[in-house]
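Accompanying notes for the structure given below.
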Amino acid sequence: MAPVRSLLLAPGTEATFVPGRPARSGRLALWQQVRTPESFTETLDLVVPSGASVRQRAVPVTYVDLRDVLDDLVAVAPTDGPDGPSASVRAWAAATRGALHLIARGRLVPTIDDDGIDAWRLGPFDPEDHHARDALADALPPAAHATALAATAPRRMADRRWLVARFWDAVADAYVRTASAPVAAGHEAFAATERVALAPPQPGGVGSGVLGPDLAAATWGGTADVPAWLRATSASADSDLTLALRLEAAPVGSRDDEHDEAAHDEA
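First residue of the sequence shown? That's 1 in the numbering used here, and the numbers climb one at a time after it.
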């Protein structure tokens with residue numbers, strides 16, 4: 001992992017996030033604009049500067065799994081000199097710290113993705129959380145989201161806010177899956193890094209909510225239907241609405257206060 005860390009933190013190394021399916025398989029594509037290291041054996045279509053304009057180009061890259069560089073990203077300083085990490089690496093480092101802050105607050109929900117695979121995502125969010133995510137996205141430098149979108153003319157790059165949301169879910173889905181998690185949970189779903197199919201694929205929405213009988217027996221007492229809360233809590237991750245409950249004591253001498261005193265007298 002030392003070579004990957006050195007490459008990630010090297011001056012001139014750019015990092016573009018490439019979402020995965022499931023979310024935990026997301027990767028960073030590392031590339032350089034000036035020179036191409038021998039280890040960059042794959043290519044990715046990126047929108048890069050070309051004079052006063054931009055153009056699409058197949059750029060040599062090397063991919064690193066996001067889960068393998070989370071610790072390195074957290075350690076990146078928010079600001080650095082010309083000999084430090086690039087702006088795109090620092091941007092994804094800031095997004096990583098933001099995601100881990102939410103995880104530390106318990107803002108995690110289980111879900112079934114569009115392929116019917118078990119997944120974790122961040123949420124539900126407070127208005128401040130939405131603002132923080134949008135601020136991170138608005139600050140992304142072009143290199144951080146330079147992936148060229150197919151079938152667009154002129155070529156367009158990945159939307160920044162959409163990409164940061166996918167990045168946060170990738171951090172959540174990868175970070176909580178430790179080597180001991182399947183043993184502690186007693187099953188693979190929501191614990192192991194391997195894909196666990198929980199429902200038939202549902203393009204355009206979450207899975208159908210039907211679990212395999214073995215997992216259902218181990219997790220929800222034998223029922224073969226995922227409880228409604230699984231989908232409801234997942235949907236709440238993107239909600240802008242919050243609910244607050246405020247309790248106030250009745251003013252002394254009010255009708256409610258007299259009713260309470262009468263109840264105590266009868267007792």
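Note that the Cβ used here is the ideal one computed from N, Cα and C, for glycine as well.
Q. Going by the beta-carbon positions, is the gap between A146 and V47 smaller than 7 Å?
A. yes
Q: Give me the Cα-Cα distance between L8 and L30, rounded to the nearest whole angstrom.
A: 7 Å
Q: Using beta-carbon positions only, say whether F190 and P110 come within less than 7 Å of one another.
A: Going by C-beta atoms, F190 is nearer than 7 Å to P110.
(Q) By DSSP's criteria, Y274 is part of a beta bridge. Which residues make up the other side? (A) Nothing can be reported for residue 274, as the shown portion of the chain is limited to 1 through 267.
Q: Give the DSSP bridge partners of I122, in chain order.
A: First, the amino acid is wrong: residue 122 is Leu here, not Ile. By DSSP's assignment, L122 forms a beta bridge with L108.
Q) How about the stretch 49-66 and the stretch 75-82: do they share at least three Cβ pairs that are nearer than 8 Å? A) no
**Q.** The alpha helix (DSSP H) enclosing F17, as first and last residue numbers
**A.** Unbroken run through F17 is the beta strand (DSSP E), T13 to V18; no alpha helix (DSSP H).
Q: State the beta-bridge partners of S53 as determined by DSSP.
A: S50
Q. Are at least three pairs of beta-carbons, each pair with one atom in the stretch 87-95 and one in the stretch 182-199, less than 8 Å apart?
A. no
Q: Indicate the three-state DSSP secondary structure (helix, strand or coil) for L73 in the structure shown.
A: helix
Q. In three-state terms, what does DSSP make of S6?
A. helix
(Q) Checking the sheet assignment: what are the DSSP bridge partners for T43? (A) P60
**Q.** Those runs of the alpha helix (DSSP H) which lie wholly inside the stretch 132-203 and span at least 4 residues
**A.** 160-175 and 181-185
Q: Have a look at T152 and V183 and give me their C-alpha separation to the nearest angstrom.
A: Going from the Cα of T152 to the Cα of V183 covers about 46 Å.
Q. Which same chain residues, not among the five before or five after V18, have their C-beta less than 6 Å away from its C-beta?
A. R27 and A29
Q: Could you tell me which residues DSSP pairs with I103 in its beta bridges?
A: None, per the DSSP bridge assignment.
Q: Grab me the residues of A158's own chain with a C-beta within less than 6 Å of its C-beta, minus the 5 sequence neighbours each way, in chain order.
A: Excluding its 5 nearest sequence neighbours in each direction, A158 has C-beta neighbours in its own chain below 6 Å: H145 and T147, listed in chain order.
**Q.** Counted within 10 angstroms of its Cβ, other Cβ atoms place L102 as buried (16 or more) or exposed
**A.** L102 should be labelled buried.
Q: Within the same chain, show all residues whose beta-carbon is closer than 7 Å to that of R195, passing over the 5 residues directly before and after it, in chain order.
A: P22 and I117
(Q) Quick check: the Cα distance between V89 and E128, rounded to an integer number of angstroms? (A) Approximately 24 Å, taken between the alpha carbons.
Q: Say whether the stretch 30-44 touches the stretch 129-139, bearing in mind that this needs 3 or more beta-carbon pairs closer than 8 Å, one atom from each stretch.
A: no
Q) Which value, in whole angstroms, describes the spacing of the CA atoms of V69 and T13? A) 14 Å
Q: Would you kindly check if the distance between the Cβ of L122 and the Cβ of A172 is under 7 Å?
A: yes
Q.
Quick check on this structure: which residue in A170, V54 and V74 has the alpha carbon closest to the alpha carbon of L66?
A. Nearest C-alpha to L66 among A170, V54 and V74: A170.
Q) Under a Cβ-count criterion, where at least 16 other Cβ atoms within 10 Å of its own Cβ denotes burial, should S86 be classed as buried or exposed? A) Buried, by the Cβ-count rule.
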